[in-house]
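In the working numbering, the protein residues as written are 66 to 315.
Beta carbons are placed, not taken as given, at the ideal position from N, Cα and C, and that holds for glycine.
In this text, all values refer to a predicted model and were calculated from it rather than measured experimentally.
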């Protein structure tokens, strides 16, 4: 009798049939085997069922990818804070991440309407990590150019308008080339195409949605961010002056 961590173990091995994704097989086993047994209380006390092997590796890899996604967002924010020398402006840039995530989910959903077998697999989840480093480029172009114009003496509102006017063309060009480059992963048939179809759908959907909304939302939020940053600086200056005058009087 086999033992694992001082408990008796009975192993049942099976291979996934051709044309069936491992994730689909795991879902079938959980819903049609494990769940009915637990609902009927045949397992859950001294007896339990646990998926292992490739299925367990897939679950662990999902958790690791989620951690990588959070880490990518955190590192990107810290890098932007160092580049802009501000903790406020990076928030404007990072707002594109939830927009891209929504676009990625929407793109994946559209693909599932035509191909119901497409699931949220590992490569598809990797597409969301790729989006973090891709979609923020558009906002960076707008914010950085606006800051550069303000340093040249432009009014904040005029600087934002000029930044959008100058940067809209390269933003549309770079996004179009990236999306069109990923499009064959979605529409081209062939052996192994199902592996990358989800990744392509997430990246294309995220790029499209985030770019359209970024050109509208980023200038608006950045204008408010400039005003907020100015008020915060003014508050701290007033506080320092008040503290200095109080010490002088004492």
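Where residue i falls, given that 16 or more other Cβ within 10 Å makes a residue buried
{"i": "residue 270", "result": "buried"}
{"i": "residue 287", "result": "buried"}
{"i": "residue 144", "result": "exposed"}
{"i": "residue 214", "result": "buried"}
{"i": "residue 299", "result": "exposed"}
{"i": "residue 285", "result": "exposed"}
{"i": "residue 168", "result": "buried"}
{"i": "residue 229", "result": "buried"}
{"i": "residue 216", "result": "exposed"}
{"i": "residue 93", "result": "exposed"}
{"i": "residue 75", "result": "exposed"}
{"i": "residue 192", "result": "buried"}
{"i": "residue 225", "result": "buried"}
{"i": "residue 222", "result": "exposed"}
{"i": "residue 232", "result": "buried"}
{"i": "residue 98", "result": "exposed"}
{"i": "residue 245", "result": "exposed"}
{"i": "residue 147", "result": "exposed"}
{"i": "residue 135", "result": "exposed"}
{"i": "residue 274", "result": "buried"}
{"i": "residue 251", "result": "buried"}
Element boundaries [alpha helix (DSSP H), containing residue i]
{"i": "residue 74", "result": "Where residue 74 is concerned, there is no enclosing alpha helix (DSSP H), although the beta strand (DSSP E) it sits in stretches over 72 to 74."}
{"i": "residue 77", "result": "First-last for residue 77: undefined, no H or E at that position."}
{"i": "residue 188", "result": "187 to 216"}
Cβ neighbours of residue i in the same chain (closer than 8 Å, five flanking residues each side left out)
{"i": "residue 173", "result": "183, 185, 189, 263, 266, 267, 270"}
{"i": "residue 248", "result": "265, 269"}
{"i": "residue 149", "result": "155, 208, 209, 212"}
{"i": "residue 198", "result": "137, 141"}
{"i": "residue 112", "result": "none"}
Close beta carbons around residue i, own chain, < 6 Å, minus the five adjacent residues each side
{"i": "residue 201", "result": "158, 161"}
{"i": "residue 171", "result": "270"}
{"i": "residue 131", "result": "none"}
{"i": "residue 302", "result": "none"}
Contact with chain C by residue i, beta-carbon distance below 7 Å
{"i": "residue 115", "result": "As a matter of chain content, chain C is missing from the structure shown, which is built from one protein chain."}
Same chain, Cβ closer than 7 Å to residue i, neighbours up to 5 away in sequence not counted
{"i": "residue 219", "result": "227"}
{"i": "residue 234", "result": "none"}
{"i": "residue 195", "result": "268"}
{"i": "residue 133", "result": "194"}
*How do the stretch 162 to 181 and the stretch 249 to 269 stand: do at least 3 beta-carbon pairs fall below 8 Å, yes or no?*
yes
_Inside the stretch 93 to 166 only - alpha helix (DSSP H) runs reaching at least 4 residues_ = 100 to 104, 119 to 149, 154 to 159
*Are the stretch 129 to 145 and the stretch 228 to 245 touching by the rule of at least three beta carbon pairs closer than 8 Å?*
no
*Okay, do the stretch 143 to 163 and the stretch 290 to 304 touch, 3+ Cβ pairs below 8 Å being the bar?*
yes
*asked:* Quick check for students: name the residue ranges of the beta strand (DSSP E) that lie wholly in the stretch 220 to 304, counting only runs of 3 or more.
replied: none
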